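Numbered per numbering that gives the first Met the number 0, the sequence shown spans residues 0 to 482. A quick write-up on the structure given underneath.
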Amino acid sequence: MSDSSTELKFYNTLTRTKENFAPISPDNVRMYVCGPTVYDYAHIGNARPVIVFDILYRLLRQVYGENHVTYVRNITDVDDKINARAARDYPDLPLNEAIRAVTEKTNAQFQADVKALGCLEPSSQPRATEFIEEMKALIERLVQNGVAYVAEDHVLFSPSAMNKRASGPHYGSLSRRPLDDMLAGARVDIATYKRDEMDFVLWKPSKEGEPGWPSPAGIAAKGRPGWHIECSAMSMAKLLEPFGGGLQCTDPLRNTFDIHAGGIDLVFPHHENEIAQSCCALGTQRMANVWMHNGFLQVEGKKMAKSEGNFVTIHELLETERFGGRKWPGEVLRLAMLMTHYREPIDFSQRRLEEAENILRKLKRVSDTAPEGEAEVPQVVIDALSDDLATPAAIQALSNLASEGNASGLKASLSLLGFDVSAVEVDEALINRAIAERLTFFREKDYAQADRIRDELLAMGVQLKDGKDPQTGERVTSWEIKR
Ligand code: AMP
Ligand code: ZN
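If you want it as structure tokens, here you go:
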């Protein structure tokens with residue numbers, strides 16, 4: 000479905016204003032979201048960018064057409080935290096095998112988690128270790144262009160060299176921090192090989208046994224990339240090169256993509272550094288035209304941290320009774336997240352989940368009555384999302400559709416927002432036979448068999464309700480579809 004008449008507006012961190020969105024090419028809208036570092040279960044804070052930018056992806060597909068949006072979310076599978084976890088969890092394996100074991104397992108868990116949260120798979124999910132050559136080529140170009148240098152087997156990027164160039168963006172233009180703040184914020188370790196404290200690592204040497212690749216820029220020792228260069232290389236490989244851009248391209252217009260997103264904590268230094276690398280290597284003014292950042296999630300009023308004891312993984316929330324003494328469906332977490340605007344902080348709590356569950360139940364009760372077939376998403380819902388992803392207003396619009404009894408419009412809207420609206424198929428004759436059989440078991444006092452039948456039906460999504468016939472006092476059983 001394509002409706003290019005819809006005006007989209009997004010808050011752009013780069014300009015600090017809400018702007019009309021104009022894609023570089025409406026035939027191919029390109030977005031990049033910084034993905035997880037795969038060393039441990041993702042927590043419910045990590046779920047926030049995945050969910051809110053899934054809404055962005057779905058909105059863009061709705062407006063520009065399903066096949067006209069490219070969404071890249073990377074997987075960081077080379078990182079010191081991964082190495083440490085591998086050595087701890089698999090002490091008997093060679094480190095590289097242990098690293099593979101950690102990253103494969105964590106990535107599989109992440110994919111399962113975000114699927115349960117109703118998120119579409121991105122168009123591509125590049126893994127950093129598969130783009131080492133692209134990273135090296137970028138690094139070589141940065142050295143050639145005089146903004147990076149080699150020191151003690153490291154390659155470092157020099158923001159001050161960047162700022163001496165005749166054109167191109169200045170370092171700090173995204174985060175707009177004063178130099179002192181940037182120094183404190185970067186928490187850069189004072190290293191002897193740095194010419195300036197602000198310089199950041201593009202490539203570093205690997206110790207014996209650590210993952211390592213032949214180094215760029217004439218360095219003899221084996222090494223590995225820094226974190227920031229990964230995203231510059233993967234966005235180039237996946238969002239520029241397939242469309243005529245890249246290091247060989249001299250047309251700066253081909254070397255910018257539309258939207259780059261992630262959590263607000265990534266603005267500095269990660270996104271500032273991505274911009275520095277990409278713009279200096281490709282000779283562009285902008286790496287991406289629009290930069291979108293989600294606010295942070297805290298739990299019951301406190302920063303979520305292992306030391307606070309309030310650290311909850313997506314897996315724990317969905318599959319264990321750790322939070323509020325019960326399991327929560329993925330779409331309840333999804334709605335709970337969308338009840339707050341993506342740029343606001345979220346205070347996560349059990350009450351919020353309960354509230355989301357109630358709202359979802361009410362909405363589904365109405366949408367379940369919609370006749371078969373496709374329906375249009377009502378414009379009020381699209382308008383809400385088009386205004387910088389105003390999901391609270393969109394959810395309000397859904398509640399209004401439910402009150403008005405617009406089941407078809409509601410069903411289409413729920414589906415656009417990523418909630419499952421597939422009809423639950425039931426075989427009524429089979430259910431009635433099972434209920435009759437169960438009543439026979441009750442009469443024979445074979446409660447184990449009666450319970451078995453109840454549980455089997457429940458597993459099919461059919462909930463039995465036992466009552467008494469007011470006249471005869473006999474057991475009567477009704478059923479309903481459990482959501
Ligand atoms: P990390 O694995 O820490 O690099 O984080 C992956 C993504 O989750 C990044 O986009 C972070 O900005 C985001 N993120 C991490 N913690 C939170 C949080 N508490 N609330 C919202 N987003 C978060
Ligand atoms: Zn990134």
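Beta carbons: idealized from backbone N, C-alpha and C, even for Gly. Note that this is a predicted model, so its numbers are computed, not measured.
_Assuming the contact rule is C-beta atoms closer than 8 Å, Ile313 and Ile81 should be a hit. Round their C-beta distance to whole Å, please._
Mapped onto the sequence shown, residue 313 falls at position 314. Mapped onto the sequence shown, residue 81 falls at position 82. Not quite, the Cβ-Cβ distance comes to about 19 Å (not below 8 Å), so this is no contact.
_Which same chain residues end up closer than 6 Å to Trp212 when comparing Cβ atoms and leaving out the 5 residues on each side of it in sequence?_
The count along the sequence shown starts at 1 and reaches residue 212 at position 213. Result list for Trp212: Ile131, in chain order.
*Decide yes or no for the touch test of the segment 165-182 against the segment 238-253: beta carbon pairs closer than 8 Å, at least 3 of them.*
no
*asked:* What does DSSP give as the partner residue(s) for Phe199 in the beta ladder?
replied: The count along the sequence shown starts at 1 and reaches residue 199 at position 200. According to DSSP, Phe199 bridges with Phe156.
*asked:* So Cys33 and His340 are supposed to be a Cβ contact under 8 Å. How far apart are they, rounded?
replied: Here residue 33 refers to the residue found at position 34 when the sequence shown is read from its first residue. Here residue 340 refers to the residue found at position 341 when the sequence shown is read from its first residue. That belief does not hold up - the Cβ atoms of Cys33 and His340 are roughly 20 Å apart, past 8 Å.
*What are the boundary residues of the alpha helix (DSSP H) that includes Ser412?*
For the purposes of this step, residue 412 is taken as the residue at position 413 of the sequence shown. Ala406 to Leu415 is the extent of the alpha helix (DSSP H) around Ser412.
*asked:* If you reduce the DSSP assignment to three classes, tell me which class Ser214 lands in.
replied: Locating residue 214 in the sequence shown gives position 215, where the first residue counts as 1. Ser214 falls in the coil class under three-state DSSP.
*Beta carbon nearer than 5 Å to a non-hydrogen atom of the ligand ZN*: Cys33 and Cys230
*Ala417 and Gly208 look like a contact to me (Cβ under 8 Å); what is the Cβ gap, rounded to whole Å?*
For the purposes of this step, residue 417 is taken as the residue at position 418 of the sequence shown. For the purposes of this step, residue 208 is taken as the residue at position 209 of the sequence shown. Reading off the sequence, residue 417 comes out as Gly, not Ala. Incorrect: roughly 43 Å between the Cβ atoms, too far for contact.
*Which residues share a DSSP beta bridge with Gln108?*
Within the sequence shown, residue 108 is the residue found at index 109, counting from 1. None; Gln108 has no bridge partner.
*Residues whose Cβ lies closer than 6 Å to any heavy atom of the ligand AMP, in chain order*: Cys33, Pro35, Thr36, Gly44, Asn45, Arg47, Pro48, Gly261, Gly262, Asp264, Leu265, Asn293, Phe295, Leu296 and Met303
*Same chain only: Cβ atoms within 7 Å of Asn95, ignoring 5 sequence neighbours per side*: For the purposes of this step, residue 95 is identified with residue 96 of the sequence shown, where counting begins at 1. Result list for Asn95: Pro210, in chain order.
*If Leu281 and Asn309 are in contact, beta carbons under 8 Å, what's the gap, nearest whole angstrom?*
The sequence position of residue 281 within the sequence shown is 282, counting from 1. The sequence position of residue 309 within the sequence shown is 310, counting from 1. 42 Å between Cβ atoms; not a contact.
*asked:* According to DSSP, simplified to helix, strand and coil, what is Met0?
replied: Here residue 0 corresponds to residue number 1 of the sequence shown, with the count starting at 1. At Met0 the pLDDT is 46, less than 50, meaning the model places this residue with poor confidence; the figure from the coordinates comes in the next sentence. Three-state DSSP puts Met0 in coil, outside helix and strand.
*Are the beta-carbon atoms belonging to Ser490 and Ser277 less than 8 Å from one another?*
Because the chain is modelled from 0 through 482, residue 490 falls outside the range shown and cannot be assessed.
_Boundaries of the alpha helix (DSSP H) in which His314 is found, first to last residue_ = Position 315 of the sequence shown, counting from 1, holds the residue named residue 314. Element bounds for His314: Ile313 to Glu318.
_Cβ pair count under 8 Å reaching 3, the segment 362-374 against the segment 317-327_ = no
*Contact between the segment 380-387 and the segment 357-366 (3+ Cβ pairs under 8 Å)*: no
_Do Asp257 and Pro22 have their beta-carbon atoms positioned less than 8 Å apart in this structure?_
If you number the sequence shown from 1, residue 22 lands on position 23. If you number the sequence shown from 1, residue 257 lands on position 258. Cβ atoms of Pro22 and Asp257: closer than 8 Å.
*Gln110 to Gln124, Cα distance in whole Å?*
Position 111 of the sequence shown, counted from the start, is the residue given in the question as residue 110. Position 125 of the sequence shown, counted from the start, is the residue given in the question as residue 124. Their Cα atoms are separated by approximately 10 Å.
_Can you give me the C-alpha to C-alpha distance between Arg57 and Val28, rounded to a whole angstrom?_
Indexing the sequence shown from 1 puts residue 57 at position 58. Indexing the sequence shown from 1 puts residue 28 at position 29. C-alpha separation (whole angstroms): 12 Å.
*List the endpoints of the continuous alpha helix (DSSP H) containing Ile430.*
In the sequence shown, residue 430 corresponds to position 431, counting from 1. Segment Glu427 to Arg442, the alpha helix (DSSP H) holding Ile430.
*Determine the contact status of Ile274 and His292, defining contact as a CB-CB distance below 8 Å.*
For the purposes of this step, residue 274 is identified with residue 275 of the sequence shown, where counting begins at 1. For the purposes of this step, residue 292 is identified with residue 293 of the sequence shown, where counting begins at 1. The answer is no: Cβ separation not under 8 Å.
_Other residues of its chain near Glu6: CB distance less than 7 Å, five sequence neighbours each side excluded_ = In the sequence shown, residue 6 corresponds to position 7, counting from 1. Around Glu6: Asn19 and Ser385.
*Enumerated in chain order, which unbroken segments of the alpha helix (DSSP H) with a length of 4 residues or greater are wholly contained in the segment 311-374?*
313-318, 329-337 and 349-366
_Please list the terminal residues of the continuous alpha helix (DSSP H) segment that includes Val475._
In the sequence shown, residue 475 corresponds to position 476, counting from 1. Unbroken run through Val475 is the beta strand (DSSP E), Arg474 to Ile480; no alpha helix (DSSP H).
*asked:* On the criterion of 16 or more Cβ atoms from any shown chain inside 10 Å, does Asp454 qualify as buried, or is it exposed?
replied: As a working note, residue 454 is residue 455 in the sequence shown. Asp454 should be labelled exposed.
*With Pro224 as the anchor, note down where its beta strand (DSSP E) starts and where it stops.*
Along the sequence shown, read from residue 1 onward, the residue named residue 224 stands at position 225. First-last of the beta strand (DSSP E) with Pro224: Gly222 to Pro224.
*First and last residue of the uninterrupted beta strand (DSSP E) at Ala68*: Here residue 68 corresponds to residue number 69 of the sequence shown, with the count starting at 1. Correcting the residue identity first, residue 68 is Val in this sequence and not Ala. Val68 to Arg72 is the span of the beta strand (DSSP E), which, as asked, contains Val68.
*Excluding the 5 residues preceding and the 5 following Gln462 in the sequence, name in chain order all residues of the same chain whose CB lies nearer than 8 Å to its CB.*
As a first step, residue 462 is located in the sequence shown; it is residue number 463 there, counting from the start. So the list reads Leu456, Trp478, Glu479, Ile480 and Lys481, once near-sequence residues are dropped.
*At least 3 beta-carbon pairs within less than 8 Å: the segment 343-352 vs the segment 290-306*: yes
*Would you check if there are 3 or more beta carbon pairs closer than 8 Å linking the segment 438-453 to the segment 420-430?*
no
*His42 - DSSP class collapsed to helix/strand/coil*: Reading the sequence shown from its first residue, position 43 is the one you call residue 42. Note: His42 maps to strand in three-state DSSP.
*Helix or strand or just coil, what does DSSP make of Pro251?*
Along the sequence shown, read from residue 1 onward, the residue named residue 251 stands at position 252. In the structure shown, Pro251 sits in a helix (DSSP, three-state: H, G or I).
*Quick one: residues in its chain with C-beta nearer than 7 Å to the C-beta of Pro121, no 5 flanking neighbours on either side, listed in chain order?*
Here the question's residue 121 lines up with position 122 in the sequence shown. Closer than 7 Å at the Cβ level, and outside the excluded window around Pro121, lie Tyr70, Val71 and Arg72.
*Bridge partners of Lys301, per DSSP?*
Looking up residue 301 in the sequence shown gives position 302. Answer is Val298, bridged to Lys301.
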